[in-house]
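Chemist: For the record, the sequence lines run as chains A and B. Quick note: the first sequence uses numbering that gives the first Met the number 0, first residue 0, plus one each step. Quick note: the second sequence uses numbering that gives the first Met the number 0, first residue 0, plus one each step. Beta carbons are placed, not taken as given, at the ideal position from N, Cα and C, and that holds for glycine. Predicted, not measured: the structure shown is a model, and the values here were computed from it. Structure provided below as structure tokens; questions to follow.
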Amino acid sequence: MNAGEITTPKLGVQAATKIYHTASGDLLALDRCSLDVRANEIVSIVGPSGCGKTTLLWSMSGLHGLTSGEIRLDGIKITGPHPDIGIVFQEANLLPWRNLDANIRFPFEIKGEKPDRAWIAHLLNRVGLDGFGGKFPRELSGGMQQRAAIVRALALKPSVLLMDEPFGALDSFTREEMNRLVEEIWLDTKTTIVFITHSIEEAIFLSDRVVVLSARPGKVAKEYRVPFPRPRSLEITATKEVFDLTNRIKMDIVGERTRPKAPERPSAEIVRIRP
Amino acid sequence: MSDAIPEFSKSKSGDGQDVSLTNLSAFASGPGIKSGKEVAAILAVAVIIIGGIELALRLFHVPLYIMPPPSSIAYALFDEFPLIAPHLGYTLVELVSGFAIGAAVGLVLAAVITQFPFAEKIVAPYILLLVTTPMLALVPLLILRFGFGYTPRIIAVALAAGPMVMINAATGFRRVDSAKIALARSYGASTLQIFWKIRAPMALPMILVGLMIGAIFGLLTAVGAEMVGGGFGLGNRLTTYSSMIQMPQFFAVVLILSMLGILIYVLFFLIGKKWASWEA
Numbered sequence: 000m001n002a003g004e005i006t007t008p009k010l011g012v013q014a015a016t017k018i019y020h021t022a023s024g025d026l027l028a029l030d031r032c033s034l035d036v037r038a039n040e041i042v043s044i045v046g047p048s049g050c051g052k053t054t055l056l057w058s059m060s061g062l063h064g065l066t067s068g069e070i071r072l073d074g075i076k077i078t079g080p081h082p083d084i085g086i087v088f089q090e091a092n093l094l095p096w097r098n099l100d101a102n103i104r105f106p107f108e109i110k111g112e113k114p115d116r117a118w119i120a121h122l123l124n125r126v127g128l129d130g131f132g133g134k135f136p137r138e139l140s141g142g143m144q145q146r147a148a149i150v151r152a153l154a155l156k157p158s159v160l161l162m163d164e165p166f167g168a169l170d171s172f173t174r175e176e177m178n179r180l181v182e183e184i185w186l187d188t189k190t191t192i193v194f195i196t197h198s199i200e201e202a203i204f205l206s207d208r209v210v211v212l213s214a215r216p217g218k219v220a221k222e223y224r225v226p227f228p229r230p231r232s233l234e235i236t237a238t239k240e241v242f243d244l245t246n247r248i249k250m251d252i253v254g255e256r257t258r259p260k261a262p263e264r265p266s267a268e269i270v271r272i273r274p
Numbered sequence: 000m001s002d003a004i005p006e007f008s009k010s011k012s013g014d015g016q017d018v019s020l021t022n023l024s025a026f027a028s029g030p031g032i033k034s035g036k037e038v039a040a041i042l043a044v045a046v047i048i049i050g051g052i053e054l055a056l057r058l059f060h061v062p063l064y065i066m067p068p069p070s071s072i073a074y075a076l077f078d079e080f081p082l083i084a085p086h087l088g089y090t091l092v093e094l095v096s097g098f099a100i101g102a103a104v105g106l107v108l109a110a111v112i113t114q115f116p117f118a119e120k121i122v123a124p125y126i127l128l129l130v131t132t133p134m135l136a137l138v139p140l141l142i143l144r145f146g147f148g149y150t151p152r153i154i155a156v157a158l159a160a161g162p163m164v165m166i167n168a169a170t171g172f173r174r175v176d177s178a179k180i181a182l183a184r185s186y187g188a189s190t191l192q193i194f195w196k197i198r199a200p201m202a203l204p205m206i207l208v209g210l211m212i213g214a215i216f217g218l219l220t221a222v223g224a225e226m227v228g229g230g231f232g233l234g235n236r237l238t239t240y241s242s243m244i245q246m247p248q249f250f251a252v253v254l255i256l257s258m259l260g261i262l263i264y265v266l267f268f269l270i271g272k273k274w275a276s277w278e279a
């Protein structure tokens with residue numbers, strides 16, 4: 000993180016507001032939500048369910064428009080899906096009728112470009128999927144499917160990677176493995192990453208910054224800097240700093256929901272009980 | 000007595016079907032060839048059932064015009080085949096051309112109509128009407144209008160197969176997975192690309208089901224139409240042989256028809272195995 004970077008953020012969200020018109024009336028999902036993501040940064044977005052995290056991410060990807068406000072990529076307003084933005088969806092979202100190779104070729108087919116074989120081979124090797132190209136998604140575990148989805152998202156060399164609760168469906172061991180993989184890939188490519196998750200630990204482990212959204216309508220409630228150097232080891236999740244930070248974020252989120260029942264116990268006491 | 004014939008003929012063609020199907024799936028269910036024992040058991044059961052029928056019919060001196068024994072049916076099939084073969088050809092022509100027309104129209108309509116949910120709602124009752132009406136009922140009318148040639152039969156087959164293909168294909172096209180469409184869109188896919196790369200492959204298993212049902216309904220309708228009028232086709236052979244009380248020949252034709260049905264089933268089964276096996 001260089002201090003003296005250019006002022007233009009990689010991805011700038013300015014007063015993003017989104018209203019869904021539903022049968023039961025209008026729903027304000029995002030309310031003047033503003034957020035800057037700098038180049039080469041990993042930012043996680045956490046918040047109570049239904050707070051508009053996914054809405055925010057889909058707006059950033061250009062997959063749906065905003066009611067008002069704007070998203071800028073390198074200072075230029077985006078109006079639709081952008082080739083420089085890759086997305087990893089909830090659950091792997093692979094096409095079940097294509098084998099891994101064909102799934103990873105899919106973005107190139109849509110764009111009418113020749114697949115960059117060397118780069119794909121490098122990525123497959125990076126995520127440990129060498130030799131699985133002929134397998135169909137149903138033949139792979141959830142973790143392997145999500146690895147393939149990450150390769151697919153990175154295949155077009157986007158400069159921004161948006162990840163929408165990518166590991167929510169995985170067991171906690173696989174999830175930790177995937178978190179390390181994301182960090183490795185980041186160290187390798189320095190792709191700017193916006194990561195949505197329900198897991199505060201995951202958010203802290205991965206991110207340079209954790210952004211907490213308030214309950215609906217979503218707006219940025221808090222922001223925490225995570226100062227640990229990279230590569231991080233999983234041990235940091237057992238340190239007191241991370242534990243306190245986790246609790247603070249949890250309070251931000253839970254406190255939103257059950258404001259009257261604020262916990263009285265000091266967090267230090269809980270710390271003693273846990274290990 | 001009138002019960003006896005359909006009952007026998009059903010069990011006859013029925014077990015023929017069962018045996019070949021199990022046989023087929025035994026072969027098809029993987030490279031690990033099911034043991035010779037299994038195949039032997041399947042064949043043994045077939046031999047016992049067919050042999051048993053043969054024996055029973057001969058023991059109880061069942062007259063030939065009620066139920067011919069399997070051996071005489073097999074002989075008739077062999078002996079009369081040169082005479083039956085052209086009629087098999089006529090029936091196939093009607094089936095293939097009628098099915099091709101009906102399936103093509105059905106597929107296109109399904110693909111178009113599912114893009115417009117409102118139009119679909121308007122059209123749905125008429126489609127349902129087409130699916131549920133036995134198109135055989137229209138054959139006399141079609142014959143009045145088009146004569147005794149191929150035309151009324153091909154129209155009837157197309158009318159029977161088309162709606163079946165359409166209704167199943169439409170079910171397939173309606174299976175929208177918004178995440179997969181979002182995926183394609185995130186790479187800037189056009190509506191046409193989304194159709195060919197996402198919607199069509201997703202609908203394929205249901206389309207194949209529709210094609211299979213359509214083809215079998217087409218066969219039914221072709222034979223039915225031939226029985227109503229006109230001097231050629233397997234259906235016409237059925238009416239001719241039964242009117243002449245040539246029961247072994249009659250059952251030989253029935254056997255050919257059940258083989259045709261099985262062939263249709265196996266064909267689509269294999270296509271499905273090859274192209275739609277991703278769906279369990």
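Which class does I77 of chain A belong to by DSSP, given the choice of helix, strand or coil?
Modeler: Note: I77 of chain A maps to coil in three-state DSSP.
Chemist: Using a threshold of 7 Å, state whether the C-beta atoms of I142 of chain B and G271 of chain B are closer than that.
Modeler: no
Chemist: Going by DSSP in three states, A38 of chain A sits in which element: helix, strand or coil?
Modeler: coil
Chemist: Take I49 of chain B and list the residues in its own chain whose beta-carbon comes closer than 7 Å to its own, dropping the five residues that flank it on each side.
Modeler: Cβ within range, chain order: P69.
Chemist: Let's test the definition: count the other Cβ atoms within 10 Å of the Cβ of Y64 of chain B and tell me whether it reaches 16, buried, or not, exposed.
Modeler: exposed
Chemist: By alpha-carbon positions, which one of A:A117, A:E175, A:S33 and A:A22 ends up nearest to P8 of chain A?
Modeler: A:S33
Chemist: What is the DSSP secondary structure of G271 of chain B, counted as helix, strand or coil?
Modeler: G271 of chain B carries a helical assignment under DSSP once its states are collapsed to helix, strand and coil.
Chemist: Using alpha carbons as the reference points, say which of A:I252, A:K221, A:V159 and A:Q145 lies closest to E92 of chain A.
Modeler: The question names Glu, yet the displayed sequence has Asn at residue 92 of chain A. If we check each option's Cα against that of N92 of chain A, A:Q145 comes out closest.
Chemist: Report yes or no: do three or more beta-carbon pairs, one from the region 123 to 134 of chain B and one from the region 189 to 196 of chain B, lie closer than 8 Å?
Modeler: no
Chemist: Show which residues of chain B have a CB atom less than 8 Å away from the CB atom of F135 of chain A.
Modeler: W277
Chemist: Can you tell me whether L139 of chain A is helix, strand or coil according to DSSP?
Modeler: coil
Chemist: Within 10 angstroms of its Cβ, does L266 of chain B collect 16 or more other Cβ (buried), or is it exposed?
Modeler: exposed
Chemist: Does the region 225 to 239 of chain B come close enough to the region 32 to 47 of chain B that 3 or more CB-CB pairs lie under 8 Å?
Modeler: no
Chemist: Which word fits S24 of chain B, buried or exposed, when buried means at least 16 other C-beta atoms lie within 10 angstroms of its C-beta?
Modeler: Low per-residue confidence applies at S24 of chain B: pLDDT is 42, beneath 50, and the placement is therefore not dependable enough to give any value.
Chemist: Pull up the distance between the alpha-carbon of L205 of chain A and that of K189 of chain A, whole angstroms please.
Modeler: 13 Å
Chemist: Hey, how far is the Cα of D73 of chain A from the Cα of V159 of chain A?
Modeler: 10 Å
Chemist: Show which residues of chain A have a CB atom less than 7 Å away from the CB atom of R184 of chain B.
Modeler: Using a Cβ-Cβ cut-off of 7 Å, R184 of chain B is close to L62 and P80 of chain A, given in chain order.
Chemist: Where does I192 of chain A sit, in a helix, a strand or coil, going by DSSP?
Modeler: strand
Chemist: Mark S28 of chain B as exposed unless 16 or more other C-beta atoms lie within 10 angstroms of its C-beta, in which case mark it buried.
Modeler: Its pLDDT being 45, under 50, S28 of chain B is placed unreliably by the model, and nothing is read from it.
Chemist: Buried or exposed: where does V175 of chain B fall if 16 or more other Cβ atoms within 10 Å of its Cβ makes it buried?
Modeler: exposed
Chemist: With DSSP as the reference, label H20 of chain A as helix, strand or coil.
Modeler: strand
Chemist: Against chain A, does P116 of chain B count as a neighbour if the rule is that its beta carbon must be under 7 Å from one of theirs?
Modeler: no
Chemist: When we look at the beta-carbon of L207 of chain B and count the other beta-carbons within 10 Å, is it buried (16 or more) or exposed?
Modeler: buried
Chemist: Which residues in chain A sit within 9 Å of G187 of chain B, going by Cβ to Cβ distance?
Modeler: G79, P80, H81, P82, I109 and K110
Chemist: Since M162 of chain A is in the beta strand (DSSP E), which residue starts that stretch and which ends it?
Modeler: Boundaries of the beta strand (DSSP E) around M162 of chain A: V159 to D163.
Chemist: Applying the 10 Å Cβ sphere with the 16-neighbour rule, what's the burial state of V275 of chain A?
Modeler: Only positions 0 to 274 of chain A appear in the structure, and residue 275 of chain A is not among them; the question remains open.
Chemist: Is any beta-carbon of chain A found at less than 7 Å from that of A181 of chain B?
Modeler: Closer than 7 Å to some Cβ of chain A, the Cβ of A181 of chain B qualifies, so yes.
Chemist: So with CB distances below 7 Å, who are the chain A contacts of Q192 of chain B?
Modeler: Going along chain A in sequence order, the residues near Q192 of chain B (Cβ under 7 Å) are I109.
Chemist: For L160 of chain A, which residues in chain B fall below 8 Å Cβ to Cβ?
Modeler: Neighbours of L160 of chain A on chain B: none; closest Cβ ~12 Å, over 8 Å.
Chemist: Please state whether the Cβ-Cβ distance between L91 of chain B and L218 of chain B is less than 7 Å.
Modeler: no
Chemist: What would DSSP say about Y186 of chain B, mapped onto helix, strand or coil?
Modeler: coil
Chemist: Name, going along the chain, the residues of the region 116 to 129 of chain A whose beta-carbon falls closer than 8 Å to a beta-carbon of chain B.
Modeler: none
Chemist: Can you tell me the Cα-Cα spacing of T173 of chain A and R31 of chain A, whole angstroms?
Modeler: Here the alpha carbon of T173 of chain A sits roughly 36 Å from the alpha carbon of R31 of chain A.
Chemist: Tell me, which residues are paired with E32 of chain A by DSSP?
Modeler: It is Cys, not Glu, that sits at residue 32 of chain A in the sequence shown. In DSSP, C32 of chain A forms a bridge with A:A15.
Chemist: Between the alpha carbons of T356 of chain B and A202 of chain B, how many angstroms are there, rounded?
Modeler: Outside the displayed span of chain B (0 to 279) sits residue 356 of chain B, for which this structure offers no information.
Chemist: Quick check on DSSP: helix, strand or coil for E200 of chain A?
Modeler: helix
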